[in-house]
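Residue numbers (this note's numbering): -12 to 396. Below is one structure, written out as structure tokens; the observations come after it.
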Amino acid sequence: MMINAPLGGTPGKDCGGFCKFCYFRGVDYDNLDSLSIGCRYCPTHQVGCDHCHEVINDIKNGFRPLSRVLSHLENILRWHEVLGTLDYENLKVVTASMADVTSYPQLFELLTTLKDQGFLVHLGYTSGKCIKDGKTAEKLVSRGTDEINFSLVSMDPEIRRRWMGDRTPEESIKALQTFCESVEVNVSTVVIPGVITEEDLFGTCTKLEEWGIKSFILSRFVNFKKEGLIYNNRPVIMGMKTQPFPEFQELVKMVDDAFPFRVIGSPDTLYELSKKENRGYLNNLPEVRGEATIITSKLSHKPLEEMFKVISPDKVNVIGVDKEIGDLITMEDLETVDLGMVKEKVILPGGALVHDRVARKIFNKDGLKRKVIRGPTSLFYFDVEFLSQENNLEREFINFSSLIEKINS
């Protein structure tokens, strides 16, 4: 059982400085509140609320005080206790931050408190830039750290120095080795075009295999608004082209075939149910009785369309907008949809950043009164490194069953 403990943190400030490829570079923090976004939780006559603006506040307001972090955990634990879903024996607290968890000023105090309560801790994102020596890594392990996500990018110290701004790359890599000797480690890289080559990847992975990592995550470099940059319109790196998605998928498969540890693409094949070996599960989903149009992202469009050709080819159509992540779809994306292709019921991604009233206005501007609803919060699990493939498949099956219930409602 995992419970998230959001620590907050401002990218570029609370992480040892921006990496060159960071999608938060160039964000105008003073004007973040001007972003026109909404969500499913906004009041009827108000665009924007505490829930959807958390994506703004968490990167603008810095780290949360320890008292707030512990209060949040206490409330979550109490809620699970009321529901009867609290599993103390298998409970793990996952610390999360948009910056770097090892920069959190009260991290050791937090870890000590959690250890005293008998909780294991999964440290979320760290690049290692704030870990200056191996002793720090040893202290983190001794305070109850059981698992860690480490953004290595490359075993080449010069790549880390140049592209991550790491002033002590050798020490960061030593810290990673210390973690690998003691706890489960999920290592990640950002596939920077022209920098992280196949040769560099395989050299890095060969060493990681020796060190015994749990998983390796390849993140595709993004540079444009359509790829998910919602905080600003400028490219992260001027003049750099992003890797075509099919080419990125092939790279992920190549690495996966070559090494024994789990290899994950972010993004990759978005749905376990879309894989050929899992297509049989689609026949076990509830029967589709209603008709609907599903609005989704550019990357989800093809796999969802292929799946619904099996599930219900005549009653459901899928439309993809030019945004690669469904939960980052905004009203500007919805305004590009051809209403002539849209049925009387429209299903949006559960986390789309658009107010329900605004979405209804867009889909009814041709005079038809369409019913606009939201699908499940997520059809697939974003943090797949936390789940086995079997558990991920089970979760997807439940979410697609819920989606079909909404189609039938």
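All C-beta atoms in this analysis are idealised placements derived from N, C-alpha and C, irrespective of residue type, glycine included. Computed from a predicted model, the values in this text were never measured in an experiment.
According to DSSP, is residue i helix, strand or coil?
{"i": "Ile224", "result": "coil"}
{"i": "Met(-11)", "result": "strand"}
{"i": "Phe367", "result": "In this prediction, Phe367 has a pLDDT of 49, which is less than 50 and means its spatial position is unreliable; what the coordinates show is noted afterwards. Phe367 falls in the coil class under three-state DSSP."}
{"i": "Asp74", "result": "coil"}
{"i": "Arg51", "result": "coil"}
{"i": "Phe246", "result": "coil"}
{"i": "Val324", "result": "coil"}
{"i": "Asn304", "result": "strand"}
{"i": "Ser457", "result": "Given that the chain is displayed from residue -12 to residue 396, the structure contains no residue 457 and the question cannot be resolved."}
{"i": "Lys79", "result": "strand"}
{"i": "Val14", "result": "coil"}
{"i": "Ile281", "result": "strand"}
{"i": "Gly181", "result": "coil"}
{"i": "Gly313", "result": "helix"}
{"i": "Val25", "result": "As written in the sequence, residue 25 is Gly, which differs from the Val given in the question. Residue state, collapsed to three classes: coil."}
{"i": "Ser261", "result": "helix"}
{"i": "Gly267", "result": "helix"}
{"i": "Leu216", "result": "coil"}
Since residue i and residue j are thought to touch, with beta carbons under 8 angstroms apart, how far apart are those beta carbons, to the nearest angstrom?
{"i": "Lys310", "j": "Lys285", "result": "6 angstroms"}
{"i": "Asn395", "j": "Arg207", "result": "Between Arg207 and Asn395 the Cβ distance is about 35 angstroms, and since that is not below 8 angstroms, they are no contact."}
{"i": "Leu291", "j": "Leu315", "result": "Actually they are not in contact, since the Cβ atoms of Leu291 and Leu315 sit about 17 angstroms apart, beyond 8 angstroms."}
{"i": "Phe95", "j": "Lys126", "result": "7 angstroms"}
{"i": "Gly274", "j": "Lys332", "result": "According to the sequence shown, residue 274 is Glu rather than Gly. With 8 angstroms as the limit, Glu274 and Lys332 do not qualify as a contact, their Cβ atoms being about 16 angstroms apart."}
{"i": "Val177", "j": "Phe8", "result": "5 angstroms"}
{"i": "Met(-12)", "j": "Asp74", "result": "4 angstroms"}
{"i": "Val140", "j": "Arg147", "result": "6 angstroms"}
{"i": "Leu380", "j": "Glu259", "result": "4 angstroms"}
{"i": "Leu22", "j": "Ile43", "result": "6 angstroms"}
Start and end of the beta strand (DSSP E) containing residue i?
{"i": "Phe295", "result": "Run containing Phe295: none in the beta strand (DSSP E); it sits in the alpha helix (DSSP H), Lys285 to Ile298."}
{"i": "Thr113", "result": "Leu107 to Thr113"}
{"i": "Arg207", "result": "Ser202 to Arg207"}
{"i": "Lys348", "result": "Counting along the chain, Lys348 falls outside any beta strand (DSSP E), though it belongs to the alpha helix (DSSP H) covering Asp343 to Phe350."}
{"i": "Glu171", "result": "Glu171 to Val178"}
{"i": "Ile334", "result": "Lys332 to Leu335"}
When you compare the CB positions of residue i and residue j, do they come within less than 7 angstroms of one another, or not?
{"i": "Ile360", "j": "Ile281", "result": "no"}
{"i": "Lys80", "j": "Phe50", "result": "One point to set straight first is that residue 80 is Val, not Lys, in the sequence displayed. Not a contact, by the Cβ cut-off of 7 angstroms."}
{"i": "Gly362", "j": "Gly337", "result": "yes"}
{"i": "Thr89", "j": "Ile118", "result": "yes"}
{"i": "Gly226", "j": "Thr165", "result": "no"}
{"i": "Ala86", "j": "Gly(-4)", "result": "yes"}
{"i": "Ile200", "j": "Val239", "result": "no"}
{"i": "His342", "j": "Gly25", "result": "yes"}
{"i": "Val170", "j": "Thr229", "result": "no"}
{"i": "Ile298", "j": "Leu269", "result": "yes"}
{"i": "Phe203", "j": "Phe232", "result": "no"}
{"i": "Gln104", "j": "Leu53", "result": "no"}
{"i": "Phe350", "j": "Arg344", "result": "no"}
{"i": "Phe246", "j": "Glu196", "result": "yes"}
{"i": "Leu216", "j": "Tyr10", "result": "yes"}
{"i": "Asn77", "j": "Tyr112", "result": "no"}
{"i": "Leu84", "j": "Leu(-6)", "result": "Residue identity differs from the one stated: residue 84 is Ser in this sequence, not Leu. Against a cut-off of 7 angstroms, the Cβ pair of Leu(-6) and Ser84 comes out as a contact."}
{"i": "Arg130", "j": "Thr99", "result": "yes"}
{"i": "Arg399", "j": "Val223", "result": "Here the chain has residues from -12 to 396 only, and residue 399 is not among them."}
Tell me the residue span of the alpha helix (DSSP H) that contains residue i.
{"i": "Arg361", "result": "Segment Lys358 to Arg361 is the beta strand (DSSP E) holding Arg361; no alpha helix (DSSP H) there."}
{"i": "Leu195", "result": "Glu185 to Trp198"}
{"i": "Leu94", "result": "Leu94 to Asp103"}
Report the residue ranges of all alpha helix (DSSP H) runs contained in full by the segment 112 to 161; include only those spanning at least 4 residues, in chain order. The segment 112 to 161 contains these whole alpha helix (DSSP H) runs: 121 to 129.
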